[in-house]
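If you're matching them up, the sequences are chains A and B in order.
Numbering-wise, this note's numbering puts 71 at position 18 of the first sequence, and it's gapless, one number per residue.
Numbering-wise, this note's numbering puts 123 at position 70 of the second sequence, and it's gapless, one number per residue.
Built from N, CA and C at the ideal position, the CB exists for glycine as well.
No experiment lies behind these values; they were computed from the predicted model shown.
2 protein chains.
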Amino acid sequence: MHMISKVLIAMDGSESSLRAYEYASFLTKRCDAALIIVNVCDVFEKITDKIKQEFGDIAKKIEAEGGTGITMQLLDDYKSQAENSGIKQVKTIRREGNAAAEILHIADEENVDNIIIGSKGIKSDKEFLLGSVSYKVTHYAKCPVTVVR
Amino acid sequence: MHMISKVLIAMDGSESSLRAYEYASFLTKRCDAALIIVNVCDVFEKITDKIKQEFGDIAKKIEAEGGTGITMQLLDDYKSQAENSGIKQVKTIRREGNAAAEILHIADEENVDNIIIGSKGIKSDKEFLLGSVSYKVTHYAKCPVTVVR
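Shown next, in the form of structure tokens:
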């Protein structure tokens, strides 16, 4: 019997990630599983330290928002929401780096049974049906991945 | 609250589709949902009527196996297995045509809440991480899609 005891939800503040959260919340409750809410900030990947110094204030603001509109506060809010809805074990993880790579790393480290992800991230091109992060995670994950539209 | 009341499992007899079945069976039971077991036979797409006539016996044998090793009997066996495991509503659907297109059609017709599919079908190239059917279904489905490895 396939068991789902740990679920990873990747959030970036996009509409599809909010729907993915609803799905993950439902699934986690039904399976009496633990929920790991993940947000990866990759905005600094392409910003050199020099620019960081010159535009310190702007950089700090972007960093606080994770470049995706998900602030640390918001991640905590989702944790509270999940706990209030009856999920017993909830954890948040915030990382910097390449979003797909970090989501896959965390899935391995935490040994999750299911990754839930929105079909399109906040920075996805409207012309594509699947964002690049969802695309990579679906291709390279070792566990089942659920793509929510 | 996101609800899962109808789950579609696409099966072609591949190893990943068997793992996808285990996942679907678990999910369906946990959500007290209905399960639709789907197999699409697309072997005749590229076989002309003329060849069908000339190689009638072989063609019939391939047709019986759905070109994928999933005979109608096997589909019924999975239905029995699902029912015996406690799933109340189980239905099987067998179609001929393009696998991805038919899975998407059935998902629409049956208004399912979740499609479960193996990452690689029986005819998938070993070099690719995701088979072409799983790839298309993940890109074009209107509902959440879970890819099982």
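> On the three-state DSSP scale, how would you describe residue 151 of chain B?
Replying inline: coil
>> Between residue 61 of chain A and residue 154 of chain A, how many whole angstroms is the CB-CB distance? I'm expecting something under 8 angstroms.
In response: Wrong, their Cβ atoms sit about 14 angstroms apart, outside the cutoff.
> Does DSSP classify residue 184 of chain A as helix, strand or coil?
Replying inline: coil
>> Beta-carbon within less than 6 angstroms of residue 147 of chain B's beta-carbon, same chain only, minus the 5 sequence neighbours each way: which residues are those?
In response: 92
> Looking at the structure shown, is residue 190 of chain B part of a helix, part of a strand, or coil, going by DSSP?
Replying inline: helix
> Under the DSSP definition of a beta bridge, which residues are partnered with residue 88 of chain B?
Replying inline: B:60 and B:143
> For residue 170 of chain A versus residue 73 of chain A, is the C-beta distance shorter than 8 angstroms?
Replying inline: yes
> With which residues is residue 199 of chain B paired in a DSSP beta bridge?
Replying inline: The partner list for residue 199 of chain B (beta bridge, DSSP) reads A:199 and B:169.
> Can you tell me where the alpha helix (DSSP H) with residue 177 of chain A in it begins and where it stops?
Replying inline: Where residue 177 of chain A is concerned, there is no enclosing alpha helix (DSSP H), given that its DSSP letter is neither H nor E.
>> Taking 8 angstroms as the threshold (C-beta atoms), are residue 57 of chain B and residue 166 of chain B in contact?
In response: yes
> Should residue 148 of chain A be flagged as near chain B, meaning a C-beta pair shorter than 8 angstroms?
Replying inline: no
> Whose CA, out of B:65, B:135 and B:131, lies closest to the CA of residue 83 of chain B?
Replying inline: B:135
>> Just checking: is the beta-carbon of residue 81 of chain A within a distance shorter than 8 angstroms of some beta-carbon in chain B?
In response: Not closer than 8 angstroms to any Cβ of chain B, the Cβ of residue 81 of chain A fails to qualify, so no.
>> So residue 56 of chain B contacts chain A; which residues on that side make the cut at Cβ distance below 8 angstroms?
In response: Correct list: 79.
> If you check the beta carbons only, do residue 183 of chain A and residue 192 of chain B fall under 8 angstroms apart?
Replying inline: Yes, they are a contact pair.
>> Between A:202, A:75 and A:65, which has its C-alpha nearest residue 138 of chain A's C-alpha?
In response: A:75
> Quick one: does residue 141 of chain B have its CB under 8 angstroms from some CB of chain A?
Replying inline: Interface annotation, residue 141 of chain B: not in contact with chain A, CB-CB separation never under 8 angstroms.
>> If distances are taken between C-alpha atoms only, which option among A:65, A:190 and A:149 comes closest to residue 127 of chain A?
In response: A:65
>> Could you check whether the Cβ of residue 128 of chain B sits closer than 8 angstroms to any Cβ belonging to chain A?
In response: no
> Taking 8 angstroms as the CB-CB limit, is residue 145 of chain B close to chain A?
Replying inline: no
>> Out of B:149, B:81, B:79 and B:190, which one is the CA nearest neighbour of residue 123 of chain B?
In response: B:149
>> I believe residue 69 of chain A touches residue 63 of chain A by the beta-carbon criterion, under 8 angstroms. Please report the beta-carbon distance rounded to the nearest angstrom.
In response: Actually they do not touch by this definition, with Cβ atoms about 11 angstroms apart.
>> I need the straight-line Cα distance from residue 113 of chain A to residue 95 of chain A, nearest angstrom please.
In response: C-alpha of residue 113 of chain A to C-alpha of residue 95 of chain A: approximately 14 angstroms in a straight line.
> For residue 175 of chain A, which of A:129, A:152, A:111 and A:141 has the nearest alpha-carbon?
Replying inline: A:152
> Can you tell which of A:143, A:172, A:109 and A:130 has its C-alpha closest to the C-alpha of residue 202 of chain A?
Replying inline: A:172
>> Cutting at 6 angstroms between CB atoms, please list the residues of its own chain near residue 77 of chain A, excluding the five before and the five after it.
In response: 60, 62 and 169
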